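Those protein sequence lines, which keep their order, are chains A and B.
When the letters of the first sequence are read in order and numbered with the numbering used here, they come out as residues 11 to 225.
When the letters of the second sequence are read in order and numbered with the numbering used here, they come out as residues 16 to 1031.
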Amino acid sequence: MAAIFPKSSDIILKVLGAVIALGAVATIGAYTYYSYPTVIDTGYQPEQPVAYSHKLHAGQLGMNCFYCHYTAYRGAYAAIPGTEICMGCHQKVKDKSPRLELVRQSYETGEPIPWKKIHVMPDYVYFNHRAHITAGVSCVSCHGRIDQMVEVHQEKPLNMAMCLACHRDPAPNVRPAELVTQLDWVPDRDPREIGNEIIAQKHLHPPTNCSGCHR
Amino acid sequence: MSLVQIKLNNAPEPSPASPPVPATGPQYWRSLDQLADTPEFRQWVEREFPEDAAAVLDGNSRRTMLKIMAASFGLAGLAACSRPEIRLAPQARGRYDYIPGAAYNYTSAFALGGHAFGVIVQTNEGRPSKIEGNPDHPSSLGAATPLAQASVLGVYDPDRSKMVLDGGKESTWEKFEAALKGLSLGDGSGLRFLSHSVNSPTLESLRTEALKKWPTAKWVEYESIARDNERAGAMLAFGQAVNIHPQFDKAKVILSLDYDFLGADWPTPLATKLFSKNRHVNSEEDLDKLSRLYVVESQFSLTGANAEHRLRMRGGDVPQFAADLLVALGASPAGGATSGDKRAKFLAALAKDLKAAGKDALVVAGPRQPAIVHALAHQMNQTLGAAGSTITFTKASPATERVESGVDALKGLAGEMTGGQVSTLVILGGNPAYTAPADLQFGAALAKVANSIHLGAYDDETAAAAKWHLPEAHYLEAWGDAQSSDGVAAIQQPMIEPIFGGRSAIEVMAMLLDSKDRKGYDLVKNYWTSQWPATSKDNATRDNTWKKTLNDGVIAGTQAPEVRPTVDSKRIQAAPAPAASGIEVGFVPSASAWDGRFANNAWMQEIAEPITKLVWGNAALISPAMGREKGWKDGDMVALSSGSLKLEAAVMIQAGHADNAVSIALGYGRPRAGSVGSNVGFNAGLIRTSDNFWFAPGFSIAATGEKYVLGNMQEHGSMQEPQLISGRNAPTRPLVREATIEEYKKNPKTIEEKQEVPELDSVYPQLKWEGLQWGMAIDLGACTGCNACVVACQAENNIPVVGKDQVLRGREMHWIRLDRYYVGNPEDPRAVAQPVPCMQCENAPCENVCPVQATSHSPEGLNDMAYNRCVGTRYCANNCPYKVRHFNFLDWHKNFLVRRRIEPELMQMVYNPDVTVRMRGVMEKCTYCIQRIQEARIATKTDGRREFTGEGVVTACQQTCPADAITFGNINDPNSKVAKLKTQERNYAMLAELDVRPRTTYLGRLRNPNPELEAS
């Protein structure tokens, strides 16, 4: 009895097997790659409801970060400022600008401006701005040069590897506390040396155990 | 339990000459099953979960399970495609000093059953999430009761009444007000008010106004669990209305006549706070301060469990006992116990002891006992010279005309209602259709009232029978005030706007009176500011006083004046009625549901009753002798009947219960409680009558042949009592340890000696315990077993509720297990409570077996849990000798919500944002409140005080403990309180022989028994 399939059909099976195997590897590889925080999170830049430029305010006008994010050195969260803060200036400055329509509206009605959150920590991570700022970790260490961004995007991966790298070796990221909001600060000597002095002076021991950040 | 087994295997065979297990069985036992060593109990000890408690999902077949899984995989894939957008909504206009994410605390007041105490409520983003006691309030002193702590869950209860109902149909407040205007109340001859015990001065002033406006109206106060007998007893003894304040901290010998003052009979933490003051033995002098407690009661109460000597008798027999005791106290010096039965012996020894203590003695009578017993107690205190020393009195507000209280007043009202004399009935809070005695037929009577108005938090039994139902605001949603029994008043501040549009009793009264002020804030503030003397005409002074009052949580100068009434012995002539024969049914307040008003509180339903350890329901408690005689086991259904009254309930054999008596907790079996509490347990109210309000004699009891599964946790977490390890003929090493004062004086090491720490080397590298090291000491001598810590932990750490079916499988999630052990004869045992949180072992057996290092040690000696790292192998729980790890078999939070068909938004609001909400498949356990440690560390280090030495960290359980039994801190600091406690000779580690080196240690319990009675 003749074979139903010719011998050459074995090749098809082999090729098919290879394709499936390669495909599986590629899928898993791609999934892993694209779900990695450095890839999926870095660069996230949603469109905000108000075209607010950090480059203008923090960069060119030189406003201190704490002018608006005034809870950063007082609480766990560097809260997004209320409309009140915007209107402190914009009642006088650019008070007719159509781009500020939503801000004026929000001030009138009390409805919050629906900003979009960019830097997101998972629920099981408890990051405290106050602790880091008083220790002398600058905004720039995690958020990048916000003062050069027109629209803010996520610069750093903000993953656990990043946290741990700094917690294990904090010296390069520690500076005098009064300089934390000076994003363009250039140390006059080795930053590690400055960092180590402050670490010794303030008795900083960044935790590397689980409960340091997870509760 | 692998560690134990390895060591046991290494141990040499015990020689037959010295049997390792005493022939009499365990000294400390959890249940009658353990005494009998049944296979069921062995399973709870030897396994993590019993074999038959295998995972079976109710109502979900394997097929639907697969469908759900497939669907969720599909969704998971979709969800990963794009990053979900998160909105940030800052307050457009708000307070500049407001810090998002920070917790803010406000004072308020919690009132229950005519008592009240000050609380401090923690709010996060405007949501109340945790209740603590107010240290400045004299009835709290910083502690909070389990019910007060759990009351915060009620704010977010989705079953709460959401709208005004007119004859069961949806209506509005405006329509109600319009209907109110249409009522012609005239002089109020057909107008009646019904409320709880009024201890709100603002409501009282509105009541006065109302009774003036309607000169023939009447007001009835009714509490299902009331202090009426106490008041009547004082009236009988002294001829004047006084409030009674036992000073348990000043008494050396205390007798409780059926008074569970450490438990459900006293709804503030004060009694436990005062009582436990003399239970801390930290020095030689403290040994002499240790008080001695005698309890005479029917059911085994929490107070009975803490007694040195307990005499069990039916509640109806207590009056005769009190009368006999009074005679014995007056008689010439008794020669001690010479002959007779246990009662006679007890009575003689007690009388001798009380007389010896003189003015340091204290006799208190419970609210269930009739007035005569209270009067007899007053007489005894006066005879002993204790009145004014260990018991003080304050002036009570005199009776007001046309205001009646108690069950007789309610009976009168029900009669009027049935007779058609009541045209308008205003029910201000409460649920009389459920709580009223069965013979009043209150629901039917209510239907006869043309205009019945019910203000209540739930659409409950009373709402169903009333014409109008008005949603009542939760006490954390409305302004009010509350007075404790010593007169001290506190403002009840709201934390949140009424979520369901409810209003408070004072607001409804203001509406009825058509007052100018309608808002609770104005009513309360105007009332109090008008009370304050205008030192100057300046309103600012009053405003400042108001602000200070809100800040302090106590209204200065409201303490009632102390009085020294004397007992007129002529008044106490009536001999106590002899107790009727036959089986007596006793009604007790439920520690979880109270009179039923907390029945829909899931936290409370899943907190085990302190002695029976029952959850999700009650049972008819009977004595072991009765159980043997009838051949009944736990869960057998019986019918209790007397005349037309009948109740079917499941029995539970309660060690130490009085014979020929049945006790059953009130507050269960409610037909309309809500999705949590409806039809949970048995409704004892069905056989409660106004004549036999607390004790109903002459019942017959018969098995129905049916079976019921009781939710009993008493065997959960049973640990193996260590046997011989080294082969030495060591004494047994019980898990809980006690000594009498005599034993302790003779050999202070008696507790410590019971422990054998083997000199073993761990194969794992040892950490160096330097710097800050956390540790805890739990004083078993002070702990009463009241459950306050368990609820505090539940609220603080977002611990889910699992439901009765899951509890039966051993899956309850509480991070503190409150173990209760009996000691001695099952007919009449003593009991000891032992809270068991995670021990934070230095040689933690759980850490070694975790394949993903989700649990590992912190440099400060904590056994950290990283929930996000856990993959759910459950090896750690298997290897935990203390059985304190709990696994999320299901997504409990969601499971609970889905079963109740509700959206999660509301229930989520109660969560503590500082603690991760754990998901399915994750192990969890006590972390020594790591969030509080970290908050304190950050606060210290950022305040410029650079070095964090551990000061100011208080765990949730420690903070609320009314007995101050829990101490936490840095054990490396020799000056810290915890380090000092741990150097005491009473200090011991549970299961020390496993060499796990727990950081939580116990201070053994010291007892002060009467040598005359102890010998027997």
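Idealized CB from N, CA, C, for every residue including glycine.
In this text, all values refer to a predicted model and were calculated from it rather than measured experimentally.
Per DSSP, the beta bridge partners of B:V378 are B:L270. In terms of beta-carbon proximity, A:S18 stays away from the interface with chain B, with every pair separated by 9 Å or more. Under the DSSP definition of a beta bridge, B:Q849 partners with B:D834. Secondary structure note for B:A673: it is in no beta strand (DSSP E), with a DSSP letter that is neither H nor E.
A straight-line Cα-Cα distance of about 11 Å links B:F708 and B:G421. With the rule of 3 Cβ pairs closer than 8 Å, the region 101-111 of chain A does not count as touching the region 128-137 of chain A.
Separation of B:P65 and B:R824 (C-alpha to C-alpha, rounded to the nearest whole angstrom) is 8 Å.
Taken in chain order, the complete beta strand (DSSP E) segments of 3 residues or longer contained in the region 975-1029 of chain B are 981-985, 1015-1018, 1020-1022. Put simply, the backbone Cα of B:V930 is about 11 Å away from that of B:Q809. The continuous beta strand (DSSP E) containing B:D879 extends over residues 878-880. Boundaries of the beta strand (DSSP E) around B:R207: 206-210. Bounds of the alpha helix (DSSP H) holding B:A951 are 945-957. Under DSSP, B:H260 shares a beta bridge with B:T407. For B:V695 and B:G684, the gap between their C-alpha atoms comes out near 5 Å. Look at B:P749: its C-beta is not under 9 Å from any C-beta on chain A. Fewer than three beta-carbon pairs drawn from the region 678-692 of chain B and the region 750-758 of chain B are found closer than 8 Å, and the two stretches are therefore not classed as touching. Taking the Cα positions, B:N120 is about 37 Å away from A:Q55. Within the DSSP secondary-structure output, B:Q507 pairs in a beta bridge with B:G495. When the beta-carbon positions are compared, B:R329 and B:E61 stay at least 9 Å from each other. Think of a sphere of 8 Å around the beta carbon of B:A107: the chain A residues whose beta carbon falls inside it are G92, T93, E94, S116, Y117, T119, G120, E121, P122, I123, in chain order.
For the pair B:Q397 and B:T581, the Cα-to-Cα distance works out to about 8 Å. If you draw a straight line from the Cα of B:K722 to the Cα of B:A665, it is about 8 Å long. Secondary structure in the region 779-808 of chain B: the beta strand (DSSP E) runs of 3 residues or longer, each lying completely within the stretch, are 789-794 in chain order.
Taking B:V937 as the centre and dropping the five residues before and after it, the same chain places the C-beta of Y882, C885, G887, N903 closer than 7 Å to its C-beta, in chain order.
Contact residues of the region 202-213 of chain A toward chain B are K212, H213 (C-beta to C-beta distance below 7 Å). Not a single C-beta of chain B is nearer than 9 Å to the C-beta of A:T52. For the region 848-874 of chain B, residues whose beta-carbon sits nearer than 9 Å to a beta-carbon of chain A comprise Q868, A869, T870, S871, H872, S873, P874. Closest in C-alpha terms to B:P576, from the list B:R1012, B:T409, B:G601, comes B:T409. Going by DSSP, B:W483 is part of the beta strand (DSSP E) stretching over 483-486. Taking a Cβ-Cβ threshold of 8 Å, the residues of chain A close to B:I101 are K126, K127, V130, in chain order.
Assigned with DSSP and collapsed to three states, A:Y41 falls in helix.
The beta carbon of A:H224 falls within 9 Å of a beta carbon belonging to chain B, placing the residue at that interface. The DSSP-derived three-state label of B:P65 is coil. When secondary structure is reduced to three states using DSSP, A:Y80 falls in the coil class, being assigned neither helix nor strand. Shortest Cα-Cα distance from B:V993 to any of B:A1007, B:L787, B:L905 involves B:L787.
Nearest to B:T217 by C-alpha distance, out of B:T450, B:A320, B:F361, B:S519, is B:S519.
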